[in-house]
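Letter by letter, the sequence shown follows residues 1 to 188 in UniProt numbering.
Reading through the structure tokens given below for one structure.
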Amino acid sequence: MGRFEDQEGIGSGYVRFLHDYLRVTNPNKNYEIFNRGIGGDRVTNLEERWQEDVIDLHPEVVSVSIGINDVWRQLDRPDMDQVTPDVFEDKLRKLLYEIRDKQIILMEPTVIEEDLNSEGNRRLREYVEIVRKLSLEFQTVLVPTHQVFLDYIKEDSGYALTTDGVHMNSAGNLLMAKTWIKAVEKQS
1 MGRFEDQEGI GSGYVRFLHD YLRVTNPNKN YEIFNRGIGG DRVTNLEERW QEDVIDLHPE
61 VVSVSIGIND VWRQLDRPDM DQVTPDVFED KLRKLLYEIR DKQIILMEPT VIEEDLNSEG
121 NRRLREYVEI VRKLSLEFQT VLVPTHQVFL DYIKEDSGYA LTTDGVHMNS AGNLLMAKTW
181 IKAVEKQS
């Protein structure tokens, strides 16, 4: 979100919140944070750029948020080749295997529409379960963003987390960052 326009390449989304949180709570640590997220990407796109955007950077920690667009494209672009759950699992497993020697943080996909029973959220369940399964398999930190978003929606506050059911607004980005921080600190 906005990383191409940002001088630091961090953007204005949840990665910005994480960057700033880590910088101000640990001022003596020299964190170098790379945001390589690309809006609209699916696991197939991530696979295409994995070498350049992850492996070649030699990171100590890799945080992966993928899955929303793999389902969203089934709804908004049904005519294109789709990433089925089995393809999603196979490709994500392959990518995680390549970085198995790193600390890995896996984020559950958030939500598609702020409606618990939307078609997108029903389809998304299988992808969330795959992320959870792979988190166990690779012993990663699991960031339960899907569950936290569902819990928020159940509260029926009337305050949206997205601009259009998929893309986060500031509150949605803050909830993602807060959930990430809590999950990572719990594992520390």
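Note that beta-carbon positions come from the ideal geometry of N, C-alpha and C, so glycine has one too.
Report the option in the options whose CA atom is closest to the CA atom of residue i.
| i | options | result |
| --- | --- | --- |
| glycine 165 | Val143, Lys133 and Val71 | Val71 |
| glycine 11 | Glu60, Arg36 and Lys154 | Arg36 |
| lysine 94 | Met176, Gly39 and Glu48 | Glu48 |
Would the beta-carbon of residue i fall within 9 Å of that of residue j?
| i | j | result |
| --- | --- | --- |
| glutamine 74 | arginine 123 | yes |
| glycine 33 | valine 62 | Before going on, a small fix: residue 33 reads as isoleucine here, not glycine. The answer is no: Cβ separation not under 9 Å. |
| isoleucine 105 | alanine 183 | yes |
| leucine 174 | glutamate 114 | no |
| threonine 145 | tryptophan 180 | yes |
| proline 109 | isoleucine 68 | yes |
| glutamate 137 | lysine 102 | no |
With burial defined as no fewer than 16 other Cβ atoms inside 10 Å of the residue's Cβ, what is the status of residue i: buried or exposed?
| i | result |
| --- | --- |
| proline 78 | exposed |
| residue 190 | Here the chain covers residues 1 to 188 and nothing more, so residue 190 does not appear. |
| residue 220 | Residue 220 lies beyond the range of the chain shown here (1 to 188); nothing can be said about it. |
| isoleucine 130 | buried |
| leucine 57 | exposed |
What is the C-beta distance between residue i and residue j, in whole angstroms, given that I count them as a contact (C-beta under 8 Å)?
| i | j | result |
| --- | --- | --- |
| methionine 107 | serine 157 | Actually they do not touch by this definition, with Cβ atoms about 22 Å apart. |
| alanine 177 | tyrosine 14 | 4 Å |
| leucine 116 | lysine 154 | 7 Å |
Is there contact here, the region 18-30 with the region 40-50, by at least three beta-carbon pairs under 8 Å?
-> Contact between the region 18-30 and the region 40-50 is absent, because fewer than three Cβ pairs lie under 8 Å.
Is it true that the region 148-156 meets the region 81-101, where meeting means three or more beta-carbon pairs spaced less than 8 Å apart?
-> With the cut-off at 8 Å, the region 148-156 and the region 81-101 do not touch.
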